[in-house]
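Residue numbers for the sequence shown follow the working numbering, so the first one is 297 and each next one is one higher.
A virtual CB, placed ideally from N, CA and C, is assigned to each residue, including glycine.
A quick note: this is a predicted structure, and the numbers were derived from the prediction, not measured.
The structure appears right after this line, and notes come after that.
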Amino acid sequence: MLLGAALQELKIMQSKLNRLNRLRYDTFNVLENKTIDVVFDKVNKEINDLIDEIRDIKVRINRTNTNIKLQVDGKEISLMELILMIGDLRSELSQYETLKPKGPVYLGGQAVEYIPQIKQDEIAKLIAQMEKKKADLDKILQSRNWETELLEK
């Protein structure tokens with residue numbers, strides 16, 4: 297199974313787990329003297345079996361991400377490091393997007409002007425560079441996900 301297919305399968309299984317958890321919650325209490333449509337123990341077993349399957353595929357995905365190496369910017373890194381780099385860029389982008397000029401404020405009845413250390417157009421250029429870098433790394437990751445066989449447990 298390819299890593300990309302495993303990731304899709306994981307999403308499907310997690311959605312199914314959410315539905316089963318909701319079913320268990322919704323059917324936990326039953327009216328007395330009424331037949332039970334959904335047996336708690338049966339749903340519980342299905343949930344536990346699915347949790348085991350999810351854990352197994354997550355272990356295989358993590359093993360694959362840790363052990364598969366690729367070249368990025370002339371450096372050999374693991375898929376896991378690439379994933380972390382993309383996450384770091386997302387966090388940094390989120391922080392940069394909050395940097396706005398403060399403008400005048402009043403301190404002790406006096407108007408004081410705060411001025412940014414870097415102009416907004418420079419911040420916009422930095423954001424554009426980071427967005428491009430993130431998009432490039434995302435493309436590499438997606439490509440590798442659909443080329444890489446999932447490692448065994």
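Between the stretch 342–356 and the stretch 304–314 there are three or more C-beta pairs closer than 8 Å, enough to call the two in contact. Going by beta carbons, Glu427 and Leu395 fall outside the 9 Å limit. In chain order, Tyr410 place their CB closer than 7 Å to the CB of Lys398, counting only its own chain and leaving out the 5 sequence neighbours on each side.
No residue range can be given for Ile414, since it is assigned to no beta strand (DSSP E) and is classified by DSSP as neither H nor E. DSSP places Glu443 in the coil class of the three-state scheme, outside both helix and strand. Around the Cβ of Leu378, a 10 Å sphere holds 16 or more other Cβ atoms; the residue is buried.
Asn441 is classed as buried because its beta carbon has at least 16 other beta carbons within 10 Å across all chains shown.
Counting other Cβ atoms within 10 Å of its Cβ, Thr362 stays below 16 and is therefore classed as exposed. Counted as a single uninterrupted DSSP element, the beta strand (DSSP E) harbouring Ile373 occupies residues 371–374.
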